[in-house]
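**Q** Every number in the numbering used here is 18 more than the matching position in the sequence shown, counting from 1.
Every residue, glycine too, gets a C-beta built ideally from N, C-alpha and C.
My questions all concern the structure below.
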Amino acid sequence: MAESAKDTLFQIDSVEEDFVFNERVVEVFDDMLDRSVPFYKEVIGSTARLLACFLHRGDAIYDLGCATGTTLLDFSRLLEDRGLKFIGVDNSTPMLDKARLKAELYSKTESLSFLEEDITKIHHPGTGAFIVNYTMQFIRPLQREDFIRQLYNNLRPGGVLLLSEKVISHDRRLNREYIDIYHRFKRKKGYSELEIAKKREALENVLIPFSIDENKTLLKSCGFQSVDTYFQWFNFASFIAVKPS
Ligand SMILES: C[S@@+](CC[C@H](N)C(=O)[O-])C[C@H]1O[C@@H](n2cnc3c(N)ncnc32)[C@H](O)[C@@H]1O
Numbered sequence: 019m020a021e022s023a024k025d026t027l028f029q030i031d032s033v034e035e036d037f038v039f040n041e042r043v044v045e046v047f048d049d050m051l052d053r054s055v056p057f058y059k060e061v062i063g064s065t066a067r068l069l070a071c072f073l074h075r076g077d078a079i080y081d082l083g084c085a086t087g088t089t090l091l092d093f094s095r096l097l098e099d100r101g102l103k104f105i106g107v108d109n110s111t112p113m114l115d116k117a118r119l120k121a122e123l124y125s126k127t128e129s130l131s132f133l134e135e136d137i138t139k140i141h142h143p144g145t146g147a148f149i150v151n152y153t154m155q156f157i158r159p160l161q162r163e164d165f166i167r168q169l170y171n172n173l174r175p176g177g178v179l180l181l182s183e184k185v186i187s188h189d190r191r192l193n194r195e196y197i198d199i200y201h202r203f204k205r206k207k208g209y210s211e212l213e214i215a216k217k218r219e220a221l222e223n224v225l226i227p228f229s230i231d232e233n234k235t236l237l238k239s240c241g242f243q244s245v246d247t248y249f250q251w252f253n254f255a256s257f258i259a260v261k262p263s
């Protein structure tokens with residue numbers, strides 16, 4: 019069944035370990051993203067608009083950390099008839115099983131494919147675009163420069179990287195206010211104070227956000243020329259980075 023169960027992972031007392039993308043998470047993952055990532059669908063739509071500006075017929079789009087394939091399924095509808103190839107990459111077998119099942123249910127198996135790979139070791143030269151949504155934040159900060167450089171090297175000239183991340187502000191007051199606003203967003207989506215606090219604790223050592231400036235500096239230091247944000251909602255931001263032609 020591809021429908022996502024309701025995310026109640028942090029309602030029970032037993033969850034005290036660090037957050038991992040295991041089978042229990044996969045079961046509720048689509049519901050979790052819908053209720054935890056502000057403007058999730060709008061970001062996918064805006065990303066598709068940018069892809070339409072930069073991609074050529076025949077280009078491959080790799081979604082790194084594709085999880086259950088929601089983004090690529092939306093792209094295959096929003097960017098239909100453009101002759102693009104959509105490939106999802108993840109290292110979680112249960113996530114990919116669910117992604118393949120969804121592609122089958124929506125009759126998209128011809129335009130979508132999924133690979134089980136470590137995204138920090140990819141080799142796909144000539145790629146038109148890489149999408150990295152809410153995933154680089156889980157890569158150790160010291161590994162991020164090598165990761166982005168590798169993406170840069172694998173893009174064709176004029177190719178684009180579209181990156182969405184949770185971000186921090188180095189202004190302590192603003193950071194605190196943004197986090198409070200984000201927690202109010204989650205309360206409105208039906209999470210309890212306890213669930214919010216437990217999830218925050220589970221993610222503490224695992225999800226390490228950079229600021230907007232740190233992300234931009236990282237992208238530029240790896241060779242990208244046009245670097246900008248195309249979306250921001252308090253502590254969430256999306257970046258475009260273009261490889262020179
Ligand atoms: C927060 S989810 C991504 C959400 C997804 N991009 C979306 O927008 O729907 C992070 C995903 O990255 C995957 N992941 C984390 N580290 C990875 C790695 N080194 N190689 C491949 N996949 C990885 C996890 O298995 C998980 O599915």
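Report all residues from its chain with a CB closer than 8 Å to the CB of N109; omit the five preceding and five following residues, and keep chain order.
**A** Within the sequence shown, the letter at position 91 stands for residue 109. Correct list, in chain order: E134, E135, D136, I137.
**Q** Could you tell me whether any non-hydrogen atom of ligand 1 is closer than 7 Å to the CB of S110?
**A** Translated into the one-based positions of the sequence shown, residue 110 becomes position 92. Within the cutoff, so yes.
**Q** With DSSP as the reference, identify every bridge partner of V43, one or two as the case may be.
**A** The residue given as residue 43 occupies position 25 in the sequence shown. V43 is not bridged to any residue.
**Q** Excluding sequence positions up to five away, which residues of its chain have a Cβ less than 8 Å from the Cβ of L237?
**A** In the sequence shown, counting from the first residue as 1, residue 237 sits at position 219. Result list for L237: I166, L179, L181, V245, F257, A259, in chain order.
**Q** When you compare only the Cα positions, how much space is there between L196 and F242?
**A** The count along the sequence shown starts at 1 and reaches residue 196 at position 178. The count along the sequence shown starts at 1 and reaches residue 242 at position 224. For the record, residue 196 in the displayed sequence is Tyr; it is not Leu. Cα-Cα distance, rounded: 29 Å.
**Q** From this set, R191, A147, S187, which residue's C-alpha is nearest C71's C-alpha?
**A** Numbered from 1 along the sequence shown, position 53 holds the residue referred to as residue 71. The option with the nearest alpha carbon to C71 is A147.
**Q** What residues in its chain sit with their C-beta under 7 Å from that of G101, if we drop five residues either side in the sequence?
**A** Counting from 1 along the sequence shown, the entry for residue 101 is found at position 83. If we look at G101 and ignore the five residues flanking it on each side, its Cβ neighbours are R75, G76.
**Q** In the DSSP assignment, what are the bridge partners of E183?
**A** Along the sequence shown, read from residue 1 onward, the residue named residue 183 stands at position 165. Paired residue(s): A255.
**Q** Please classify D81 as buried or exposed, where buried requires at least 16 other C-beta atoms within 10 Å of its C-beta.
**A** On the sequence shown, residue 81 is found 63 positions in, with the first residue counted as 1. With 16 or more other Cβ atoms within 10 Å, it is buried.
**Q** Is M113 near ligand 1, judged by its Cβ being under 7 Å from some heavy atom?
**A** Mapped onto the sequence shown, residue 113 falls at position 95. Correct: M113 has its Cβ closer than 7 Å to ligand 1.
**Q** Under 7 Å from any heavy atom of ligand 1, does the C-beta of D136 make it?
**A** Looking up residue 136 in the sequence shown gives position 118. Checking every heavy atom of ligand 1 against the Cβ of D136, one is found closer than 7 Å.
**Q** Alpha carbon to alpha carbon, what distance is there between T153 and R95?
**A** For the purposes of this step, residue 95 is taken as residue 77 along the sequence shown, with counting starting at 1. For the purposes of this step, residue 153 is taken as residue 135 along the sequence shown, with counting starting at 1. Between R95 and T153, the C-alpha separation is close to 23 Å.
**Q** Can you tell me which of Y209, D115, K216 puts its alpha carbon nearest to the alpha carbon of D49?
**A** As a working note, residue 49 is residue 31 in the sequence shown. Minimum Cα distance to D49 is reached at Y209.
**Q** Looking at L179 and ligand 1, is the gap between the Cβ and the nearest heavy atom below 7 Å?
**A** Here the question's residue 179 lines up with position 161 in the sequence shown. No, the Cβ of L179 stays beyond 7 Å of every heavy atom of ligand 1.
**Q** Using the beta-carbon count (16 or more within 10 Å), is R162 buried or exposed?
**A** Start at 1 with the first residue of the sequence shown, and residue 162 comes out as number 144. With 16 or more Cβ atoms within 10 Å of its Cβ, R162 is classed as buried.
**Q** Shorter than 7 Å, the distance from the beta carbon of T26 to the closest heavy atom of ligand 1, or not?
**A** Reading the sequence shown from its first residue, position 8 is the one you call residue 26. Answer for T26: no, Cβ out of range of ligand 1.
**Q** When the Cα atoms are used, what is the spatial distance from F252 to T89?
**A** In the sequence shown, counting from the first residue as 1, residue 252 sits at position 234. In the sequence shown, counting from the first residue as 1, residue 89 sits at position 71. Looking at the two C-alpha atoms, the distance is approximately 22 Å.
**Q** For the beta strand (DSSP E) that A78 lies in, which residues bound it at each end?
**A** In the sequence shown, residue 78 corresponds to position 60, counting from 1. It spans 78–82 - the beta strand (DSSP E) in which A78 sits, taken as one unbroken run.
**Q** Mind checking which residues open and close the alpha helix (DSSP H) that includes L149?
**A** To locate residue 149, count along the sequence shown from 1; it is residue 131. The sequence shown places Ile at residue 149, rather than the Leu named in the question. Not the alpha helix (DSSP H): I149 falls in the beta strand (DSSP E), residues 145–151.
**Q** Between the beta-carbon of L47 and the beta-carbon of S22, is there less than 8 Å?
**A** Taking the sequence shown and counting its residues from 1, the one referred to as residue 47 is at position 29. Taking the sequence shown and counting its residues from 1, the one referred to as residue 22 is at position 4. Note that residue 47 corresponds to Phe in the displayed sequence, not to Leu. Result yes, Cβ atoms of F47 and S22 sit closer than 8 Å.
**Q** Distance check for E35 and V61, CA to CA, integer angstroms please.
**A** Indexing the sequence shown from 1 puts residue 61 at position 43. Indexing the sequence shown from 1 puts residue 35 at position 17. Going from the Cα of V61 to the Cα of E35 covers about 30 Å.
**Q** When the distance is taken between beta carbons, is K261 closer than 8 Å to G176?
**A** Taking the sequence shown and counting its residues from 1, the one referred to as residue 176 is at position 158. Taking the sequence shown and counting its residues from 1, the one referred to as residue 261 is at position 243. Contact flag set, yes.
**Q** Which term fits E213, buried or exposed, when burial requires 16 or more other beta carbons within 10 angstroms of its beta carbon?
**A** In the sequence shown, residue 213 corresponds to position 195, counting from 1. So E213 counts as buried.
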